[in-house]
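Below is one structure, written out as structure tokens; the observations come after it.
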Amino acid sequence: MDLGDTESSSDSDDFRTLENDENDEHEEATVPSESTFDLTLPTTHSYLGHNLKELRGRTLLDDGIYRNLPLLVKHSIILFPGQTLPMKVDGLQTINMLQNCIQKDRIFGVVCLGDEKMVRIGTTAEIYEYYDGDLGVSSFRLKAKGRQRFKILRVIMQGYDMISANVKVLPEVTLDPPFLDYRLASLDHLRIQPTNEQEMKQQEFVEKIDSIITPWPAWIYKQYDPLRLSWKIRQHLQFLEQRGGNIPKDPIELSFWVAQNVLVDDNERIDLLNYDCAIERLQREIKYLIEDRSFVCSHCDAFIAHQSNMFPMSKEGLQSTYCNGVGDIYETITVYHAEGLKLSTHPPSTEYSWFPGYAWTIANCKNCYSHMGWKFTAVDSNLKPKSFWGLTRKSLKNRTNKKPNDTTEGQLL
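Start counting the sequence shown at -7; every next residue gets the next number (this note's numbering).
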């Protein structure tokens, strides 16, 4: 049995409510106090097999270059630079396209297919491991990494399921520090890269003096300082590092990492991918983090989990991309507590498990029976946490829990 979704059904025999797990749900509502799981294991995507061939080197295209790219078009899959894309491909034409990529520069484009048409912004993906199957078996497995953003200029149809496009590789704009033209050289010896609250206050004091000779107050400039925005975001995500997560320090890498890990709808993610500067992405992302959000079923709005229930089961973060045995790709977030779900009556399975040492059980919405994800249960008594939930991004949407007179502007600064 492959890890995947189920057909929607109202038949109570197909799903069971965890009536005898009420106490377990209360236990899961608390943050796991310790973890014995190796968070690097999911990043290897070992379920694809251990016989993949490694491709060495790295290909980066020149910023602003125009070129033709073969495209992989997927519903609701929005790839960001730095994100891993595992794939299992059975279609012969797609396999031929990927094999041609490997023979050349290993680069292809990933584009999201929206509700009505193809999105005009995408990300290049570089294949770094692959396996082309046994003789006589049309199966292709690979791991690719998101590299650079591009804009589609013209789509070229090359037959059924074969698409390429003339694209422009988009540059990543970096701006100088806000006070660069006004900074006082006599204060340079006091400038530091803040790593804690005390050092940040010291840096604020220096910038306050710098701002005296500028036409605008210091708080205006702070909103456009990528290092300050990055520090503020890292403060909000401290709980992830405490739970073993790995958060990038570079503002550009961090802006893409947050875009991948924060649960927002496809249109908002596409907007983030459209921005050509990390400052714009960070400004928008910090507002997502400040807001108190809940996750609800994308079909019936039934409550599923709080944003604060998210925790990392992978070094890559709260959300990672995985594929199942039939090639379906899932962007999956991990939470330690979820509500309103029913589990399949099938026994837990370790086949194609994305988290080695855990068995999965399909979970559906208790209200509308749509597929939500899986519950992962430890098969080793020494493995902690004992269980957690993997929920697909497309099955969820967020709901902002606004408090009266709540503002984010002051918190942003």
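We put the beta carbon where it would ideally sit given N, CA and C, even for glycine.
Here T384 is buried. Its C-beta has 16 or more other C-beta atoms within 10 Å.
Three or more Cβ pairs drawn from the segment 173 to 183 and the segment 200 to 218 lie within less than 8 Å of each other, which places the two stretches in contact. In this structure, DSSP gives K376 a state outside helix and strand, which the three-state scheme calls coil. Closest by C-alpha distance to N253, out of Q299, Y213, P339, C292, is Q299. By the Cβ neighbour-count rule, D284 is exposed, with fewer than 16 other Cβ atoms within 10 Å of its own. Going by DSSP, S286 is part of the beta strand (DSSP E) stretching over 285 to 289. Excluding sequence positions up to five before and after M154, its CB lies within less than 7 Å of the CB of Q85, M89, all in the same chain and listed in chain order. Between T115 and L53 the beta-carbon gap is near 12 Å, outside 8 Å, which marks them as no contact. For the 8 Å CB-CB criterion, L134 and I144 do not form a contact.
Relative to K214, the option among H181, Y122, F197 whose CA is nearest is F197.
Ranked by Cα distance from P62, the options Q91, I225, T36 are led by Q91. For the 8 Å CB-CB criterion, R141 and A157 do not form a contact. Excluding the 5 residues flanking it on each side, W223 has same chain C-beta neighbours closer than 7 Å at P186, M192, in chain order. In this structure T326 is in contact with M302, their Cβ atoms being roughly 7 Å apart against a cut-off of 8 Å.
In this structure, the alpha-carbon of I212 lies about 11 Å from that of E199. DSSP, reduced to helix, strand and coil, places R141 within a strand of the structure shown. Scanning S131, L44, T76 for the CA closest to the CA of I87 turns up S131.
V102 is bridged by DSSP to L64, T115. From the listed residues Y322, P377, C360, the smallest Cα separation to D293 is found for C360.
By alpha-carbon distance to E26, the top candidate from E233, E272, S341, K386 is E233.
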